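Notes follow the structure.
In the numbering used here, the protein residues as written are 10 to 336.
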């Protein structure tokens, strides 16, 4: 089974490097690592850093989408927008990229949702951590605004899936009550194992499982480590196993949210991010290649090979086949 990753800051990393004059970053930096790790599917999150808000949000998001489209064409990757395109990319063993908006801040008008859909965006997270015109993020306690409810319905009507990672608890409840369109948590862990409010509760996991969603384990250390643990692969396995136990078999997948690729691209001196990473490393996994180490640990723990295959790639791929427009 080729591996599939539900969340990577690939679009933002490409955009920041292009602003610095670099080209062919997907071909030269990302694609060799993904191929070596056996990764065939990546959800690329268009993420606009708060420093660019509010005026620069739309520009930055469009630059990110353009970077992915151009660099994918440059190296033979496929930006897939339908289930048929996904199946064709898998059959041809091409890297399949699915575009997502991590936070609706670039949608300075709800009318921009359609243009982003036509550019290929198929997943939408209403918020990052804070508040915007559509909803409260996980740092706050409010739910969806009237504009947020309208935007969510419009996204489902177009054929998009809505991502609840980063959404507040109240927003989570309101979104799932709003309609029966596809939802997922692309990079969220179990709050019962790590109490950060970015993670999802057992009740939320059960609700996601009932909706046919997937939940991607997040390997960022402060969101994954259990009490008393420094943050290890065993913590990630525990989150995956609990997700499957509470939400149901076939719900867990790899969100990952590897920080290094984005951090490398942030415009600051090279020795600065290296010093920060050494002092307080965010990533538990050293890169996409560590997926195989995680896979081996799950197998060694007695999880059936078919279930491991699902976690590594099959569950996310199957979800996207259901959630994407058929083609």
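Even for Gly, the Cβ is constructed at its ideal location relative to N, Cα and C. Please read these numbers as outputs of a predicted model, since none were measured by experiment.
Linking residue 103 to residue 170 through their CA atoms gives a straight-line distance of about 23 Å. If you look at residue 306, you'll find it in the alpha helix (DSSP H) that goes 300 to 309.
The C-beta distance from residue 255 to residue 315 rounds to 20 Å, too long to fall under 8 Å, and the pair is not in contact. DSSP places residue 256 within a helical segment (H, G or I) once states are collapsed to three. Taken in chain order, the complete alpha helix (DSSP H) segments of 4 residues or longer contained in the segment 136 to 193 are 155 to 167, 178 to 187. Restricting attention to 234, 260, 247, the CA atom closest to the CA of residue 291 is found in 234.
Distances from the alpha-carbon of residue 113 to those of 123, 106, 105 put 123 closest. Here DSSP, grouped into helix, strand and coil, assigns residue 318 to helix. The Cβ atoms of residue 183 and residue 217 lie no closer than 8 Å to each other. By alpha-carbon distance to residue 303, the top candidate from 223, 241, 259, 31 is 241. Membership of residue 203 in any alpha helix (DSSP H) is not indicated, and neither H nor E is assigned to it by DSSP.
Within a 10 Å sphere around the beta-carbon of residue 12 sit 16 or more other beta-carbons, which makes this residue buried. Here the alpha carbon of residue 203 sits roughly 12 Å from the alpha carbon of residue 226. Between residue 107 and residue 191, the alpha-carbon positions lie close to 15 Å from each other.
Annotated three-state conformation of residue 324 is helix, per DSSP. An exposed status is given to residue 29, since fewer than 16 other beta-carbon atoms sit within 10 Å of its beta-carbon. If you check the CB distance, residue 205 and residue 231 come in under 8 Å. The Cβ atoms of residue 179 and residue 156 lie no closer than 8 Å to each other. A straight line joining the alpha-carbon of residue 300 with that of residue 37 spans about 20 Å.
Note on geometry: alpha-carbon atoms of residue 269 and residue 298 lie some 13 Å from one another. Per DSSP, the continuous beta strand (DSSP E) segment holding residue 131 begins and ends at 130 to 134. Using a Cβ distance threshold of 8 Å, residue 93 and residue 49 do not count as a contacting pair. Judged by DSSP secondary structure, residue 264 falls within the beta strand (DSSP E) whose first and last residues are 261 to 265. For the set 86, 96, 149, the Cα lying nearest the Cα of residue 328 is the one of 96. For the segment 45 to 70, the continuous beta strand (DSSP E) assignments of 3+ residues that do not extend past its boundaries occur at 48 to 55, in sequence order. Beta-bridge annotation (DSSP): residue 110 is paired with 55, 133.
Residue 308 sits exposed, since fewer than 16 C-beta atoms from the chains shown fall within 10 Å of its C-beta.
In this model, residue 76 and residue 68 are separated by some 12 Å (Cα to Cα). Judged by beta-carbon spacing, residue 134 lies within the 8 Å limit of residue 174, meaning their Cβ atoms are closer than that value. Here residue 177 really is in contact with residue 151; their C-beta atoms are around 6 Å apart, less than 8 Å. Counting of Cβ neighbours within 10 angstroms places residue 243 among the exposed residues, the total staying below 16. By the neighbour-count criterion, in which 16 or more other beta carbons inside 10 Å mark a residue as buried, residue 323 falls on the buried side. Under DSSP, residue 226 shares a beta bridge with 263. Per DSSP, the continuous beta strand (DSSP E) segment holding residue 14 begins and ends at 12 to 17.
For residue 19, the closest alpha carbon among the candidates 109, 100, 252, 313 is that of 109.
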